[in-house]
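Input: a single structure, listed below in structure tokens.
Numbering (the UniProt record's numbering), first residue to last: 1 to 407.
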């Protein structure tokens, strides 16, 4: 979105919030249903509250020390810190009651966070501080974004927050939420996808006795390597999930896109671009990756030597076949959100454009509804679908609601 679009969206949110605070549900159609529901739950809090209440510091510290989340966050904290610093975000991890247990922030956002008790011990449930992404994600068990004046408390109207729940992979029980927050003018379309990726990263880093498949959910049945790269990052080898860092996952993605193999120089260019990273660093990453793959990564050129399937390949296959609905169902979002690999950025853009053009050419209503969850501000696709539908088609009201929310 352009800065003008963001400003207009902020003005609309402020107008809707002002009307809700003054008149209740009057004008509620101007906000998303999940925001309205959260506003209604926030009525016990004053919209002029200045900061979140703090839980007992000792109790919070003791809980964190005994929580499996601490182990997971320690294992992936370099990735979390780099994400926070690169985007000038503050990142928070909570327990299942939306009490913050751990935070890390870029310089500007860290100071802003401290003034509102967005710190360990801060209680960010709706009953404590009103509508926010942490509270909605924790309550609903689904990722959430809250923009500017969609927050109930006026003190955080300058924020935008993206949050995703973190589950115990062994039991499916919610452990808490990870949240990424920054100022509203830095809103980015990959924010929610990044929160989902960070949640999956933490789940994959939980102590090994917890990192089994979700209750009732098995890993891929087929032998070989299975990559989920769209909207999140998951790697499975012969039905077992692998815990890899971002660079190793990017290397796997590049090798999957080039099955004939890549020289060290070519792989370096595709992965790092013009960044001043030595080939020794790349070779070290490949060495760790080869060990994780039980040696199934050859040298000269670097090439994967086992069967490989990926959701990128599946989406492309379905688009070639003309099955738009199935392609959109398989399309989980941006390719490795937040990657800075030039090749992966280009491939992600190409795939996003391919899906969008397929929908514009064949705006299947079910596919457009699914796509609108991934790209809520792409009004052209929704408009194309509405134009192709009969006036009284049952999906038309849903699409009109999506269009109104996007505008």
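The beta carbon of each residue, even a glycine, is placed where N, CA and C say it ideally should be.
Min CB distance residue i to chain B below 7 Å
i           : result
residue 383 : Absent from the structure is chain B; it holds one protein chain and no more.
C-beta contact flag for residue i and residue j at 7 Å
i           : j           : result
residue 148 : residue 241 : no
residue 143 : residue 164 : yes
residue 196 : residue 232 : yes
residue 203 : residue 235 : no
residue 246 : residue 79  : yes
residue 408 : residue 133 : In the structure as shown, the chain starts at 1 and stops at 407, and residue 408 therefore has no counterpart that could be examined.
residue 60  : residue 106 : no
residue 175 : residue 318 : no
residue 382 : residue 403 : yes
residue 126 : residue 243 : no
residue 262 : residue 301 : yes
residue 104 : residue 131 : no
residue 363 : residue 384 : yes
residue 39  : residue 20  : yes
residue 268 : residue 279 : yes
residue 310 : residue 256 : yes
Beta-ladder partner(s) of residue i, from DSSP
i           : result
residue 145 : 162
residue 366 : In DSSP, residue 366 forms no bridge with anything.
residue 235 : 227, 242
residue 181 : 90, 161
residue 167 : 174
residue 262 : 302
residue 105 : 90
residue 54  : 122
Residue i, DSSP secondary structure in three states
i           : result
residue 100 : strand
residue 174 : strand
residue 331 : coil
residue 91  : strand
residue 303 : strand
residue 123 : strand
residue 46  : coil
residue 211 : Legend: pLDDT at residue 211 = 39, less than 50; position of this residue unreliable, value from coordinates given subsequently. Looking at residue 211 - three-state DSSP - the assignment turns out to be coil, as it is neither helix nor strand.
residue 31  : coil
residue 12  : helix
residue 389 : coil
residue 24  : coil
residue 309 : strand
residue 336 : coil
residue 293 : coil
residue 396 : helix
residue 152 : coil
residue 278 : coil
residue 129 : helix
residue 134 : helix
residue 38  : helix
residue 401 : helix
residue 220 : coil
residue 116 : coil
residue 188 : coil
residue 341 : coil
Cβ separation of residue i and residue j, assumed to be a contact under 8 Å, to the nearest whole Å
i           : j           : result
residue 101 : residue 95  : 6 Å
residue 408 : residue 83  : The first residue shown for the chain is 1 and the last is 407, placing residue 408 beyond what the model contains.
residue 359 : residue 324 : 6 Å
residue 150 : residue 13  : 5 Å
residue 205 : residue 76  : 5 Å
residue 296 : residue 305 : 5 Å
residue 250 : residue 344 : 6 Å
residue 137 : residue 177 : 5 Å
Three or more C-beta pairs below 8 Å linking the segment 37-46 and the segment 106-117
With the cut-off at 8 Å, the segment 37-46 and the segment 106-117 do not touch.
Any contact of the segment 223-231 with the segment 279-287, i.e. 3+ C-beta pairs under 8 Å?
Cβ pair count under 8 Å is below three, so no.
With three or more C-beta pairs closer than 8 Å as the rule, is the segment 178-193 touching the segment 313-327?
no
Are three or more beta carbon pairs between the segment 323-337 and the segment 370-387 nearer than 8 Å?
yes
Evaluate the contact criterion for the segment 335-351 versus the segment 374-389: three or more CB pairs, one atom per stretch, below 8 Å.
With a cut-off of 8 Å, the segment 374-389 and the segment 335-351 do not count as touching, because too few Cβ pairs lie within range.
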